[in-house]
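Enquirer: Handing you a structure now.
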Amino acid sequence: MLHDKEPSSTTPRQEAYRTQAFSDNVFSPGHQITHIHLGNVIHQAGKLSSREADCYIMQIVSGLAYLHSIDITHRDISPRNLLLTSNGALEIANFNSSEQVKYASKCMSSKRCGTMAYIAPEVFAEKTFDGKAVDMWAAGIVYMEMRGGKTLWEMAAEGADEDYDG
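Residue 103 in the UniProt record's numbering sits at position 103 of the sequence shown, with consecutive numbering throughout.
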């Protein structure tokens, strides 16, 4: 399921699949579902088991595959933008940085956005980059954070972070 945590302008496709959310609660017609973002889960657990992390990464990749199939790139995949429902389902949230690219074989983008620690190196190094690949990079970084219990680096750019360079 796709959720937008803050009001923003969206494409008709995004509008059709989003639910308006406020704070840590998502309000759906007739009922309320409590959510917690994945960052809180990682912080509380220290690190997740391979079984848990594998379950979540499969849901992330499935959600991204759907978005990419309708030519939407999220461009800000991070634990804070991944919500968990009380039944363990993972939902992609916050489409404020997303972009819909029409009529292109590659979702090329030139706008830098996202959460610094999850932005792919090519975003810093190139004028244009494949937004779908950038989403997948961020998903991989989220997986490593789930398994390791901490953010890998502050920024994935040469000379910007000793953990990235090392």
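Glycine included, every Cβ here is placed at the ideal spot set by N, Cα and C.
What does the Cβ neighbour count give for R51, buried or exposed, with the cut at 16 atoms within 10 Å?
Expert: Burial call: exposed.
Enquirer: I'd like the span of the beta strand (DSSP E) that includes I92, first residue to last.
Expert: Taken as a continuous stretch (DSSP letters only), the beta strand (DSSP E) holding I92 covers L90 to I92.
Enquirer: According to DSSP, residue 189 sits in a beta bridge with which residue or residues?
Expert: Given that the chain is displayed from residue 1 to residue 166, the structure contains no residue 189 and the question cannot be resolved.
Enquirer: What is the residue span of the alpha helix (DSSP H) that S62 lies within?
Expert: Its alpha helix (DSSP H) spans residues S50 to S69.
Enquirer: Assuming K47 and G140 make a contact with CB atoms under 8 Å, what is their CB distance in whole Å?
Expert: Contact doesn't hold; Cβ gap of about 16 Å is too wide.
Enquirer: Three-state secondary structure (DSSP) at H43?
Expert: Residue state, collapsed to three classes: helix.
Enquirer: In the DSSP assignment, find the alpha helix (DSSP H) that holds E145 and state where it starts and stops.
Expert: Residues G131 to G148.
Enquirer: Out of M58, N81 and V61, which has the shortest C-alpha to C-alpha gap to L38?
Expert: Residue N81 is the option with its Cα nearest to L38.
Enquirer: Cα separation between I72 and A45?
Expert: C-alpha separation (whole angstroms): 32 Å.
Enquirer: Does the beta-carbon distance from V123 to I77 come in below 9 Å?
Expert: Cβ distance not < 9 Å, so V123 and I77 don't count as in contact.
Enquirer: Here's the rule I'm using: 16 or more other beta-carbon atoms within 10 Å means buried, otherwise exposed. How should S98 be labelled?
Expert: Its Cβ being crowded by 16 or more others within 10 Å, S98 is buried.
Enquirer: Let me check one thing: in DSSP terms, what residues is T73 bridge-paired to?
Expert: T73 pairs with E99.
Enquirer: Between V41, M144, I57 and R75, which has its C-alpha nearest F95's C-alpha?
Expert: Of the listed residues, the one whose Cα sits closest to F95 is R75.
Enquirer: Assign I92 to buried or exposed, taking buried as 16 or more other Cβ atoms, counted over all protein chains shown, within 10 Å of its Cβ.
Expert: Under this definition I92 is a buried residue.
Enquirer: Opposite I36 in the DSSP bridges: which residues?
Expert: Answer is L84.
Enquirer: When burial is assigned at 16 or more other CB atoms within 10 Å of the CB, is T128 buried or exposed?
Expert: Exposed, since its Cβ has fewer than 16 Cβ neighbours within 10 Å.
Enquirer: Assign M146 to buried or exposed, taking buried as 16 or more other Cβ atoms, counted over all protein chains shown, within 10 Å of its Cβ.
Expert: Label assigned to M146: buried.
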